[in-house]
Amino acid sequence: MFDFKRKFMSSFAKKVPGVPFPKDEKGLYAVTTFFHQKWYGVKPKSEMEGMLRVLSRRDTYKNNDWYRKRTPRGHKPPSEATDDTRILTGKKLRDQKYVFLAMLFNGSMRRSACELFRLPPSTDIRTLLKVMIEEKQATEAMRNYRYRPKGSPVSHKAAKTTTTPKVVDQQHEDVVSFKGYELVVPKSLTTANGYLPQYLLTDATLKPKEQQPGQPPPSQPSKLQQRWMLFPALEANVKTFVNTRDYFSDLHQSLTQLLQSTNTKRVLYIMGWMLSLDMRLAPSYEHSTLKHHITALKANGVEVRILFWQGKGYDFAKTNSKLTQEKLSRIPTFAQGIDYMYHRVKDGEFESWIFSHHQKHITILDGTNLSAYCGGSDIAAGRYDDEEKVVFHSELKPPQLDKFSTSILYGGTSNDGAVVKEKDFEEDGDPRLPWQDVQVRINGPGALDIARTFEHFFEKALTQQSLSLISRPTTFTSKASDQAGKEGDYTFCPATVTSNALVQIVHAQNRDYDFQQAMLHLIKMATKSIDIEQQFFQGRIDYANTTENRLDNYVPLAIVERILEVNNPKFRVRIVLPLIPDCFLDYNHTAVKEIMNLHHHTKQSMVDHIKIACKSDRQRFPEDLDECLEFSYLGREIDGKLYPIYVHSKVMIVDDEVCAIGSANINVFPHVLG
């Protein structure tokens, strides 16, 4: 380790003259500023912008293998812009390793990397780099389908050089005819009638590369390679809640049943972006607050774990997370690091202020009955609403006490400690808008990955805060899992449920495959329709240079491309958004202005893109396709006046066959917020 670092520092001094080897964050900024000026010819506008641009590979090719000095016959020579991109690619491929190694030698960065790959903090740099490379290769391999063209001829020349063909593992795999290909898939994905859904995110298994003669034996497979799939597909019983009243009521009943259960093993996991402990889940019942439920469950021997987001510094999102932490600390027998934990991104000073987890899910284990709730709804003040979507100011009289909750709370106290007795609107203000949200409940083995996602982030929060877990959270493991039998695991066989859906949990543990990738995959498979209900809709609006077009969400572009690919005027993309995006509800707020501006440009660019493509090639597009794209706002008409409904959902439905529900917004952070 010492010799390796000494040699690297010597090489670093020659490669980065005049810049001392970085010992802290300021030193890393100096290194990235040096390379920014070297590669782009100018100093960055700010240290953070320079670091992000230097570390990014979005303005380069993956490599330069494709490039030839002599242009092949019949091809146009590369343009100057293409040549500049090739040159920049070469520079970054040669120099970026010095930046990454310097970051890894930084103590906090190395600890974060070790934590991400579940390695001991004392892991040396060489081992860490080896693991990182293996994980990246495994992830890339698992994204690809393992298929062969059906009945494809094999040339005589290829037959001579080809090794023995791979044999299908008939015990665990099936060969399914799928869109002109024979796809090798796990038997767990095929049902009794042999039906294979075409929308699965990862339909292929990963096989190790065949060892070539004279090569050393392959290293031990990584954790990702040992798994059948990146996101296993499991059968489950799924119930959808299209308003928060039904969701909160169902959750209240589930928590009540958990309290009354006589089963020995009972577990409750709660992960939220915002939690209001004093909000009643069922407004008419005094003892229906989240605080009442978790206090009673803990006192009756239920394993309770709560993880909530806490930003750094100013609470710009007004989640009152510090007050939530204070209220949890006052519950008897509740201890930080055991029963509850706050979590923030700690990859760097910048990330701690800007990024967050955005997940809102609850897992309940009652004996062998496993269920989980997930979606876009926080258990927080202001979220309660029903199918009528009415907010009004009137005197509280039975039987309309429940209506009070559609705006704020009923009884109890808000997170700032104030007792809520009546609607208290400011003279110059307005009540919040009616609320639209979607949540699902998953019963059965399909809920396993939601539980594992919680455990991943709970243990990550412990590591980041340098706390030791005195009482380890339950590690959910089914008997069918290859992980069963490890010490500390709770091995159980999930109770049989009547399945009505096939479920894949796209978790955020692996940053290389985020929820955006899942949405892009589904959009590419659409043949009839795409329906989206979203709080935000911001993304890349054209193919402009990445230095000018900084939004890295590709969902809008993917929708446009799919409309043009299908090339059918009957194909429909319906997108429902809030009239006022973001909950400040203030047109003069800087953030709201910027978000509305991005919404407008994104939508207009999509329409313009379709119109230009159709007009430029009438042979391919005989009919205009811009009417395939529809944008709508939700509203409620009361006494001749139209009141907008605030859309907080994060839902996409493709061909009325598959539905993606989560907590990820379609904006600049889809891979982070969800």
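Everything in the sequence shown is counted per this note's numbering, starting at 371 for the first residue and increasing by one.
All C-beta atoms, glycine included, are put in the ideal place defined by N, C-alpha and C.
Give the DSSP bridge partners of residue i, in chain order.
| i | result |
| --- | --- |
| G745 | Q809 |
| M1022 | I902, A1030 |
| Y1013 | R1006 |
| K894 | Answer is none; K894 lacks a bridge partner. |
| F907 | I1036 |
| A606 | A871 |
| H731 | M641, C744 |
| T659 | R650 |
| F611 | Q809 |
Does DSSP put residue i in a helix, a strand or coil?
| i | result |
| --- | --- |
| E1000 | strand |
| Y639 | strand |
| I950 | coil |
| E757 | coil |
| L995 | coil |
| A928 | helix |
| T430 | coil |
| A871 | strand |
| R650 | strand |
| N739 | strand |
| H406 | helix |
| V389 | coil |
| S525 | No answer about S525 holds up, because its pLDDT of 34 lies below 50 and its placement is not dependable. |
| K375 | helix |
| V943 | strand |
| Q887 | helix |
| G564 | Annotation note: pLDDT 41 at G564 (below 50); position unreliable, no value reported. |
| D987 | coil |
| K415 | coil |
| G781 | The pLDDT assigned to G781 is 37, lower than 50, so where the model puts this residue is not dependable, and the model offers no usable value. |
| L803 | coil |
| V672 | coil |
| N967 | helix |
| F382 | helix |
| G420 | helix |
| L471 | helix |
By Cβ distance below 6 Å, which residues in the same chain neighbour residue i in space, the five residues on each side in sequence not counted?
| i | result |
| --- | --- |
| D736 | L628, S631, N633, R636 |
| F404 | V386, V389 |
| E1050 | No statement about residue 1050 is possible, as the shown extent of the chain runs from 371 to 1044 and does not include it. |
| V674 | L638, I664, L667, K668, D709 |
| K759 | P804, R1006, I1015 |
| P948 | Y1016, V1017 |
| D996 | V977, I980, K981 |
| I701 | T665 |
Is the beta carbon of residue i sitting closer than 7 Å to the one on residue j?
| i | j | result |
| --- | --- | --- |
| V1024 | L818 | no |
| F907 | I1036 | yes |
| S624 | I734 | yes |
| V401 | A472 | yes |
| Y743 | Q809 | yes |
| K730 | D756 | no |
| S1019 | G752 | no |
| V930 | I980 | yes |
| S1002 | V936 | no |
| M641 | A750 | no |
| T703 | K668 | yes |
| L604 | V873 | yes |
| K1022 | I875 | Sequence inspection shows Met at residue 1022; the Lys mentioned does not correspond to that position. No, they are not a contact pair. |
| D807 | T610 | no |
| L890 | A831 | no |
For residue i, I'd like the list of residues in its chain whose CB is within less than 8 Å of its CB, leaving aside the five on either flank, ordered along the chain.
| i | result |
| --- | --- |
| I950 | L803, Y957, V962, M966, P1014, Y1016 |
| V672 | L628, L629, R636, V637, L638 |
| C484 | P490, P491, T493, L498 |
| Y655 | H622 |
Between residue i and the rest of its own chain, which residues show a CB-CB distance below 7 Å, the 5 nearest in sequence each way excluded?
| i | result |
| --- | --- |
| A871 | A606, V608 |
| K375 | F475 |
| N813 | A606, N607, S741, V867 |
| L647 | T659, L660, K661, T694, K697 |
| T430 | T455, L458, T459, K462 |
| L999 | I933, V943, M976, V977, I980 |
| T972 | F907, Q908, G909, I911, P926 |
| P414 | T403, H406, G420, R423 |
| T897 | V936, D1025 |
| F378 | L471 |
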